[in-house]
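Before any comments, here is the structure.
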Amino acid sequence: MKQYKYKVNGAQYDVTIDSIRNNVAKVEVNGIPFEVVMQGSTLTEEALPTIDTTVVPATATPAPTTTATPTAAPSGAGDGTPVKAPLPGVVTKILVQVGQSVKKGDVVLVLEAMKMENNITAECDGTVSGIAVSQGASVLEGNVLLTIA
């Protein structure tokens with residue numbers, strides 16, 4: 009098991025590589041487990057570096073865990089009040105669109121964490137001014153998910 013710390017676009021990631029068998033690496037990113045299929049790589053556990061590095065790792069995107077209709081690409085955070093992730097997890101459903109009116113307490117997004125779905129609600133009345141994530145994206149606690157103006 010090897011542990012690394014990465015910083016990507018200002019966000020800190022703690023990565024643990026548990027094992028590498030054939031071309032599949034079992035890793036944890038900020039406590040969230042992933043199986044990463046490495047294409048065109050002959051990397052083995054023995055060949056992993058033994059020091060922490062700040063090199064930006066290749067992006068590993070987990071498969072969405074639901075069969076919900078895919079949503080449009082993120083529009084960016086936008087101006088207004090940010091709705092932030094209360095815990096790390098995977099975005100499974102985005103229930104609003106940019107320009108849509110919402111009321112405080114409306115469910116705007118579903119975040120899966122530790123095999124549980126968590127409803128993320130609007131923190132104020134307003135209009136969705138930007139969506140910063142897409143379905144299937146992994147987020148960390150405190151990441152901006154969307155904004156309400």
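Going by my numbering, the sequence shown opens with residue 9, and the numbers climb by one from there.
For each residue, glycine too, the CB sits at the ideal point set by N, CA and C.
In chain order, what residues of the same chain have a beta carbon less than 8 Å from the beta carbon of residue i, not counting five sequence neighbours either side?
i    : result
G134 : G88, T89, S109, V110, I156, A157
V32  : E43, V44, V45, M46
L103 : V115, V116, L117, V118
How many angstroms separate the CA atom of residue i from the CA atom of residue j?
i    : j    : result
P26  : S137 : For clarity, residue 26 is Asp in the given sequence; the question names Pro instead. Distance between the alpha carbons of D26 and S137: 40 Å.
I40  : P96  : 8 Å
P70  : T100 : Reliability fails at P70, whose pLDDT of 47 lies under 50, so the model's placement of it is uncertain and the value that follows must be treated cautiously. P70 and T100: Cα-Cα distance of roughly 11 Å.
S146 : L119 : 9 Å
V35  : E131 : 34 Å
Q105 : N127 : 16 Å
V23  : V141 : 21 Å
V16  : D114 : 31 Å
DSSP has residue i in a bridge; who is on the other side?
i    : result
K13  : D22
G134 : V110
G88  : Paired residue(s): none; G88 is not in a bridge.
V115 : T129
T27  : The identity of residue 27 in the sequence shown is Ser, whereas the question assumes Thr. Looking at the DSSP assignment, S27 forms a beta bridge with K34.
E54  : BP columns for E54 are empty, so no partner.
A121 : M124
T155 : P90, G138
K97  : Note on identity: in this sequence residue 97 is Gly, with Lys being the wrong assignment. Note: G97 sits in a beta bridge opposite V147.
Please return the same chain residues whose Cβ sits closer than 7 Å to the Cβ of residue i, not counting the five positions on each side in sequence.
i    : result
I28  : L51, T52, E53
P78  : With a pLDDT of 40 at P78, under the threshold of 50, the modelled position of this residue cannot be trusted; read the value that follows with caution. So the list reads Q143, once near-sequence residues are dropped.
A121 : L95, P96, G97
L148 : A19, N38, A93, P96
E125 : T100, V118
Under 6 Å Cβ to Cβ from residue i, same chain only, skipping five residues before and after it: list those, please.
i    : result
T151 : The sequence shown places Asn at residue 151, not Thr. Excluding residues within five positions, the ones whose Cβ falls inside 6 Å are A93.
K10  : I25, L56
V37  : Y21, V23
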